[in-house]
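Engineer:
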Amino acid sequence: MSLPNRVRIVEVGPRDGLQNEQAPLGTAQKIRLIDDLAAAGLTDIEVGAFVSPKWVPQMADSAAVLAGINRRAGVRYPVLVPNLQGFEAALAAGAREIAIFAAASETFSQKNTNCSVAESLKRFEPVVARARAAGIPVRGYLSCVLGCPYEGAVDPARVAALAAALISLGCNEISLGDTIGVGTPLAARRLVETVAARVPMSQIAAHFHDTYGQALANLHAVLELGIAVIDASVAGLGGCPYAPGASGNVATEDVVYMLHGMGIETGIDLDALAQAGWCALDHMGRAPDARVSRALRHKHLKQPPK
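Heads up: the sequence shown begins at 2 in this note's numbering, then just goes up one per residue.
Here is the structure:
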């Protein structure tokens with residue numbers, strides 16, 4: 002068994018998490034959450050999306066969030082963009098790193114972006130070209146890599162071909178998203194092995210949802226293959242509005258606890274991470290989905306005041 006010595010966590014809670022939360026979080030609270038996450042040691046924090054507020058109203062204040070955060074040296078604050086118009090808005094707002102997204106399922110692509118997979122890649126060509134000209138790194142997301150809510154099983158070879166296409170387009174990293182959380186460890190392993198035959202392992206990230214409680218097991222399976230970048234959402238915030246039944250991202254606290262228990266470094270202070278999530282959730286009026294966060298909060302509440 003070969004495990005990485007260190008794993009880079011990409012925190013997606015402020016974007017992928019909050020975009021599917023029923024209780025909105027105000028701009029000031031989002032800024033506080035992002036600053037708290039950076040203080041806890043997160044070096045990659047997805048802070049917003051420059052998409053139509055008609056479709057994703059939770060991200061309507063992304064420009065204000067970007068303007069308000071306290072940018073720390075060594076911390077990246079990427080934003081999601083759907084097209085060239087979104088990229089230009091992100092650039093004007095001060096974004097220094099972006100992410101684009103495509104799907105491994107035709108039906109999901111049509112329902113999510115109103116275009117085919119091929120059309121979505123074509124749409125992103127000028128975006129990536131413009132970003133590269135501006136010296137801005139581009140991350141590529143691939144949705145439904147282990148299953149689609151409309152089409153069922155997804156062929157790993159198709160995912161690998163699309164991942165390779167995004168790399169050829171100019172993306173520096175590909176995040177493989179089990180959007181509806183149906184994957185199991187062997188399926189996750191086969192997927193990464195297939196993609197790694199087309200894309201260097203160092204450019205692959207795992208983005209696993211926990212709908213059926215398999216996310217940590219799936220992550221362990223791909224860590225053994227050499228995956229060293231994991232997407233996670235503080236407190237288990239959110240999911241995907243286009244995937245009915247999906248319960249949300251794997252929680253950052255759960256991932257960090259597992260990694261630290263395996264002797265893998267993350268650079269993240271687990272207690273500070275959990276407290277960042279509690280502060281945001283208190284404003285939203287709900288409890289954390291993260292098991293580790295719940296356990297730590299129970300422990301914290303039982304401690305006598307100092």
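Glycine is no exception: its CB is placed at the ideal position from the N, C-alpha and C atoms.
Going by the beta-carbon positions, is the gap between Phe88 and Arg131 smaller than 8 Å?
Structural biologist: The answer is yes: Cβ separation under 8 Å.
Engineer: Start and end of the beta strand (DSSP E) containing Asp62?
Structural biologist: Careful: Asp62 lies outside any beta strand (DSSP E) and carries neither H nor E.
Engineer: Are the beta-carbon atoms of Ile32 and Val66 separated by less than 8 Å?
Structural biologist: Cβ atoms of Ile32 and Val66: closer than 8 Å.
Engineer: Tell me the DSSP secondary structure of Tyr258 in three-state form.
Structural biologist: The answer is helix: DSSP assigns Tyr258 an H, G or I state.
Engineer: Taking the beta strand (DSSP E) that Val139 falls in, what are its first and last residues?
Structural biologist: 139-144 is the extent of the beta strand (DSSP E) around Val139.
Engineer: Using 8 Å as the threshold, is the C-beta distance between Ala252 and Asp283 below it?
Structural biologist: No, the pair does not count as a contact, with Cβ atoms beyond the cut-off.
Engineer: Find the nearest neighbour of Leu226 within the set Thr185, Val76, Met202, judged by alpha-carbon distance.
Structural biologist: Among Thr185, Val76, Met202, the Cα nearest to that of Leu226 is on Met202.
Engineer: Please list the terminal residues of the continuous alpha helix (DSSP H) segment that includes Thr122.
Structural biologist: Residue identity check: residue 122 is Leu in the sequence provided, not Thr. Here the alpha helix (DSSP H) through Leu122 covers 118-134.
Engineer: Rounded C-beta distance between Leu81 and Phe125? I'm assuming under 8 Å.
Structural biologist: Leu81 to Phe125, Cβ: 12 Å. No contact.
Engineer: Just confirm the distance between the C-beta atoms of Ala135 and Glu174, as a whole number of angstroms; I'd bet it's less than 8 Å.
Structural biologist: Actually they are not in contact, since the Cβ atoms of Ala135 and Glu174 sit about 18 Å apart, beyond 8 Å.
Engineer: Tell whether a beta-carbon distance below 8 Å holds between Val223 and Ala189.
Structural biologist: The answer is yes: Cβ separation under 8 Å.
Engineer: Could you tell me the boundaries of the alpha helix (DSSP H) in which Val196 lies?
Structural biologist: From DSSP, the alpha helix (DSSP H) with Val196 extends over 186-197.
Engineer: What distance in whole Å lies between the Cβ atoms of Val155 and Leu147, which are believed to be in contact at a cut-off of 8 Å?
Structural biologist: Yes, they are in contact, since the Cβ atoms of Leu147 and Val155 sit about 7 Å apart, within 8 Å.
Engineer: Leaving aside the five residues before and after Thr195 along the sequence, list all residues of the same chain whose C-beta is less than 8 Å from its C-beta, in chain order.
Structural biologist: Closer than 8 Å at Cβ, skipping near neighbours: Pro157, Ala158, Val160, Ala161.
Engineer: With a threshold of 16 other CB atoms inside 10 Å of the CB of Cys280, please say whether the residue is buried or exposed.
Structural biologist: When all chains shown are included, Cys280 counts as exposed.
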